[in-house]
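S.K.: The numbering of the sequence shown is UniProt numbering, which starts it at 1 and goes up by one.
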Amino acid sequence: MVMRRKGKLIEQEKSETGSVKWEVYKHYLRSIGLLLSVTTIFLNMVFQGFSIGSNIWLARWSTDPNAGNDTGTRDMYLGVYGALGAGQALTNLLASLIMALGCLYAARDMHILLLSNVLRWAMELFDVTPMGRIMNRFSKDVDVVDNILPQVIRSWLFMFFSVLATLVVISISTPLFVAVIVPIGLLYYFVQRFYVATSRQLKRLESVSRSPIYSHFGESITGAQTIRAYGVQERFIGESEAKVDFNQVCYFPSIIANRWLAVRLEMVGNLIILFAALFAVLGRESTDEGSVGLSVSYALQITQTLNWLVRMTSDVETNIVAVERIKEYAETKQEAPWELPNATVPTNWPEVGTVEFRDFQVRYREGLELVLRGINFVVDGGEKVGIVGRTGAGKSSLTLSLFRIIESAGGSIHIDGQDIAKLGLHTLRSRLTIIPQDPVLFSGSLRMNLDPFNTHTDDDVWRALEHAHLRAFVKGLTAGLNHEVSEGGENLSVGQRQLVCLARALLRKTKVLILDEATAAVDLETDDLIQRTIRTEFKECTVLTIAHRLNTIMDSDKVIVLDRGYITEFASPSELLQNKKSAFYSMAKDANLV
1 MVMRRKGKLI EQEKSETGSV KWEVYKHYLR SIGLLLSVTT IFLNMVFQGF
51 SIGSNIWLAR WSTDPNAGND TGTRDMYLGV YGALGAGQAL TNLLASLIMA
101 LGCLYAARDM HILLLSNVLR WAMELFDVTP MGRIMNRFSK DVDVVDNILP
151 QVIRSWLFMF FSVLATLVVI SISTPLFVAV IVPIGLLYYF VQRFYVATSR
201 QLKRLESVSR SPIYSHFGES ITGAQTIRAY GVQERFIGES EAKVDFNQVC
251 YFPSIIANRW LAVRLEMVGN LIILFAALFA VLGRESTDEG SVGLSVSYAL
301 QITQTLNWLV RMTSDVETNI VAVERIKEYA ETKQEAPWEL PNATVPTNWP
351 EVGTVEFRDF QVRYREGLEL VLRGINFVVD GGEKVGIVGR TGAGKSSLTL
401 SLFRIIESAG GSIHIDGQDI AKLGLHTLRS RLTIIPQDPV LFSGSLRMNL
451 DPFNTHTDDD VWRALEHAHL RAFVKGLTAG LNHEVSEGGE NLSVGQRQLV
501 CLARALLRKT KVLILDEATA AVDLETDDLI QRTIRTEFKE CTVLTIAHRL
551 NTIMDSDKVI VLDRGYITEF ASPSELLQNK KSAFYSMAKD ANLV
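Right, dumping it as C-alpha cells:
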C-alpha cells in the first residue's frame with residue numbers, strides 16, 4: 001500500500017477555484033496578438049459611435065421643421081444618415097473579420113502548444129492521467145476555444161459598448177440621469193459578480209465531472225468482452241449512469257442560476273426606464289421631444305441589453321476556463337530537453353558500445369519506492385548479455401532507464417564513457433535501438449514504417465528485409481514497399497510485425513541494441529528467425545536481451561539476474577549453471593533446460 005499522496009495510481013483532476021486569473025486572459029490575448037486585440041476593441045467603439053450618431057441625427061432630423069419642405073435640407077439629412085449607416089456596416093464587418101482572424105490564430109497557437117507539450121510530457125504524467133482526461137482537453141476544451149469563445153467574446157464586446165452607448169445617450173438627453181448611474185451601477189455590479197462567481201464554478205465542476213464519463217466509456221468499450229464474460233454489464237451501466245447523473249448535478253444548477261439572474265436584471269432595467277422617463281418629464285421645459293424619445297427608446301432596450309451583457313460576461317468567464325485548462329496542460333512537467341547544444345558527441349558515438357551502470361537508482365515517480373537499487377555492472381563493447389528475473393525484478397526498468405524514459409534517482413549510466421544524463425534525449429535515443437515486446441507500427445506505407453525519416457535507399461531497405469526473412473513476403477504484396485499498413489499493423493500477423501521491427505533495427509544498425517522480451521509473444525519459428533539474425537547481423541554490437549525464454553540467452557557472454565531491483569548474479573551462463581544454488585540454475589531447471 002502506498003502511504004504518500006504522490007504515490008497514487010491515478011491523480012485526481014485539479015479544478016481551479018475563485019475568479020479566473022488575469023494571467024489566463026493575458027495568455028489568450030497574447031495568442032490573439034496585441035495589434036488585433038486593440039484594433040477589434042477600437043472598431044467596436046467606432047461602430048457604437050456611428051450607431052449613436054445615426055440615432056441622434058435621426059432625432060434632430062425629426063424635430064427640424066424645414067426638413068419636410070426644403071429639398072436641400074432633406075438631402076443633407078439623408079446623405080449624412082446614409083454615411084453614418086455605411087460607417088456602421090463597414091466597422092461592424094471589419095470588427096467581425098479581425099476578431100475571427102485573431103481568435104483563429106489564438107485557437108491554432110493554443111492547440112499547437114497543447115499538442116507539443118503533451119507529446120513532451122514526462123512519462124510519469126501519462127501513468128497517473130487517464131486517457132479520457134487528456135481527450136477532454138483535445139475535444140471539448142479545444143472545441144470551446146475554436147468555436148464558442150470567439151462568438152462569446154464578440155457578443156460581449158457588442159453588448160458592453162451597447163450598454164455604454166445607452167447610458168451616454170440617456171445622460172446627454174436627460175442630464176439628471178447621471179445622478180442615479182452610480183447607485184444603479186453598484187446594484188448591477190453586485191448582481192453580476194454574485195451570478196458570475198457561481199456560474200463560473202459550476203462550469204468548472206461540470207468540466208471536471210465530464211472527464212470520468214469519457215474515461216469510463218472508453219474503458220467499457222475496450223473491455224466489453226471481459227465485462228460480458230464476467231456478467232457485470234449491469235454494474236458498468238450503473239457506474240456510467242452515476243457519472244452522467246453527477247455531471248447533470250453540476251449542470252442543472254447553472255440553469256437555475258440563469259433564472260435567478262433574469263429576475264434581478266429585470267428589476268435593474270426597470271429602474272433605468274423609470275428614472276429615464278421620470279427625468280424626461282421633470283426636464284420637459286429644457287428638453288425637446290426628439291431627445292426625450294431617443295432617451296426613452298434607449299432605456300426600453302436596456303433590460304435586454306443588460307441581461308445579455310451579464311450572460312456574456314458569465315459566458316466569457318466560464319468558457320475562458322477552457323483556456324485555463326489548456327494552459328494548465330501546456331505548463332505541466334516536461335521530459336528532459338530534446339537537444340542540448342553544448343552537449344556534443346562524435347557522430348560515430350557510441351563507437352565501441354561499452355555500457356556501464358554506476359550505483360544506479362531509479363523510481364517511476366516521486367513518492368514511490370526504488371525499482372532499481374544501486375546497481376553496478378559493466379558490459380564491454382560487443383558483448384551479448386542476457387537479463388533475467390522474476391516479474392517486478394526491474395528488467396524493463398533497466399531498459400527504460402537506458403532511453404531515459406524514466407530519469408535517474410541516483411547514480412549514472414555511461415555509454416563509451418559518456419554520461420547519458422548530460423545528453424539531449426534525441427542525441428541519446430537516436431544512437432540506441434530497441435526491439436520491444438509489443439511491436440510498434442503506424443498507419444502508412446510499409447516503407448515509412450521501416451524508414452520513417454527516409455534516410456536509406458530502397459536497396460538498403462530490401463537488404464534489411466532479406467536479413468529479417470521478410471523479402472519474399474513483401475515481394476508477394478501487390479504494392480510491395482508501398483503496401484498500406486493499418487493502424488497498429490493490424491493487417492499483419494504478430495510475427496510479421498515483430499520481423500518488421502527487426503528490419504527497422506537492421507537499418508539503424510546502432511552499436512547498442514536492446515531486446516525487451518522481443519520474442520515473448522511470437523511463435524518458436526519466428527523466435528528462431530529473430531535469434532539467428534541477431535547473432536549474425538549484430539555480432540559486432542553490444543546486445544542486451546531481456547529474456548522471457550531462457551533458451552534465447554543460453555549462448556550469451558554473460559547473464560544478469562535481477563531480484564527486487566538488485567543484481568544478485570552476474571556471470572557467464574555456464575558459470576551460473578555450475579552453481580546449483582544459483583537463481584539462474586533454478587530458472588533453467590524450471591524451463592527444463594538442465
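A virtual CB, placed ideally from N, CA and C, is assigned to each residue, including glycine.
Helix, strand or coil for I434, going by three-state DSSP, please let me know.
M.R.: Note: I434 maps to strand in three-state DSSP.
S.K.: What would DSSP say about N372, mapped onto helix, strand or coil?
M.R.: Reading off the sequence, residue 372 comes out as Leu, not Asn. It is a strand residue.
S.K.: Which residues does DSSP pair with D419 in a beta bridge?
M.R.: H414, per the DSSP bridge assignment.
S.K.: Given a cut-off of 7 Å on the beta-carbon distance, is the pair T433 and L513 in contact?
M.R.: Yes; because the gap between Cβ atoms is below 7 Å, this pair is in contact.
S.K.: Quick check for students: name the residue ranges of the alpha helix (DSSP H) that lie wholly in the region 138–173, counting only runs of 4 or more.
M.R.: List check, alpha helix (DSSP H) in window: 149–173.
S.K.: Looking only at its chain, what residues have a beta carbon closer than 6 Å to the beta carbon of S403, apart from the 5 residues adjacent to it on each side?
M.R.: Note that residue 403 corresponds to Phe in the displayed sequence, not to Ser. So the list reads R429, once near-sequence residues are dropped.
S.K.: May I have the straight-line CA-CA distance separating I112 from T344, to the nearest angstrom?
M.R.: Their Cα atoms are separated by approximately 29 Å.
S.K.: When DSSP labels each residue in this structure, what does T226 get in the three-state scheme?
M.R.: Of the three classes helix, strand and coil, the one that applies to T226 here is helix, per DSSP.
S.K.: Taking DSSP as the reference, what is the three-state secondary structure of G347?
M.R.: Contrary to the premise, residue 347 reads as Thr rather than Gly in this sequence. Coil at T347, not helix or strand.
S.K.: Look up K509 in the DSSP assignment and say whether it is helix, strand or coil.
M.R.: If DSSP states are grouped into helix, strand and coil, K509 belongs with coil.
S.K.: Between which two residues does the alpha helix (DSSP H) containing R235 stretch?
M.R.: Q233 to L282 is the span of the alpha helix (DSSP H), which, as asked, contains R235.
S.K.: Using the Cα positions of I375 and T568, report the straight-line distance between them to the nearest angstrom.
M.R.: Straight-line Cα distance between these residues: approximately 10 Å.
S.K.: Please specify which runs of the alpha helix (DSSP H), each continuous and at least 4 residues long, are wholly inside the region 486–557, giving them in chain order.
M.R.: Entirely contained in the region 486–557, the alpha helix (DSSP H) runs reaching 4 residues are, in chain order, 494–508 and 524–537.
S.K.: Of all the options E328, P346 and A472, which has the alpha carbon lying nearest to the alpha carbon of F138?
M.R.: When each option's Cα is compared against that of F138, the closest is E328.
S.K.: Would you report the Cα separation of L593 and N551, rounded to the nearest angstrom?
M.R.: The alpha-carbon atoms of L593 and N551 are separated by roughly 7 Å.
S.K.: Taking Cβ to Cβ, would you say E356 is nearer than 7 Å to H414?
M.R.: A contact, by the Cβ cut-off of 7 Å.
S.K.: Which of helix, strand or coil does DSSP assign to S582?
M.R.: Coil, per DSSP.
S.K.: Scan the region 30–114 and note each continuous alpha helix (DSSP H) run of 4 residues or more that stays entirely inside, going in chain order.
M.R.: Fully enclosed alpha helix (DSSP H) runs of 4 or longer: 34–63.
S.K.: Tell me whether R358 sits in a helix, a strand or coil according to DSSP, three-state version.
M.R.: Note: R358 maps to strand in three-state DSSP.
S.K.: Going straight from the alpha carbon of K384 to that of E369, what length do you get?
M.R.: Computed Cα separation, rounded: 30 Å.
S.K.: If you draw a straight line from the C-alpha of N136 to the C-alpha of Y28, how long is it?
M.R.: Rounded to whole angstroms, N136 to Y28 spans 19 Å at the Cα level.
S.K.: Using a Cβ-Cβ cut-off of 8 Å (strictly less than) and excluding sequence neighbours within five positions of D557, which residues of its own chain qualify?
M.R.: Answer for D557: E383, K384, V385 and S572, listed in chain order.
S.K.: Using DSSP bridges, identify the partner residues of W462.
M.R.: DSSP lists no partner for W462.
S.K.: Contact check, W338 vs L425 under 8 Å by CB: the rounded distance?
M.R.: With a Cβ gap of about 5 Å, W338 and L425 count as contacting.
S.K.: In three-state DSSP terms, what is K26?
M.R.: K26 falls in the helix class under three-state DSSP.
S.K.: Got a sec: is the Cβ-Cβ distance from L465 to anything in chain B below 7 Å?
M.R.: The chain labelled as chain B is not found in the depicted structure, where only one protein chain is given.
S.K.: Just to confirm the assignment, what range does the beta strand (DSSP E) spanning K384 have?
M.R.: First-last of the beta strand (DSSP E) with K384: K384 to G389.
S.K.: Can you look up V178 in the DSSP assignment and give me helix, strand or coil?
M.R.: Correct three-state label for V178: helix.
S.K.: If you reduce the DSSP assignment to three classes, tell me which class V2 lands in.
M.R.: At V2, the pLDDT of 34 sits below 50, so the modelled position is not reliable; the number obtained from the coordinates is stated separately. The answer is coil: DSSP assigns V2 none of H, G, I, E or B.
S.K.: When DSSP builds the beta bridges, which residues end up paired with I567?
M.R.: DSSP lists L562 as partners of I567.
S.K.: Would the beta-carbon of residue 595 fall within 7 Å of that of V485?
M.R.: Outside the shown range of the chain, which is 1 to 594, sits residue 595, and nothing can be said about it.
S.K.: So, with DSSP's three-state summary, where would you put A409?
M.R.: Reduced to three states, the DSSP call for A409 is strand.
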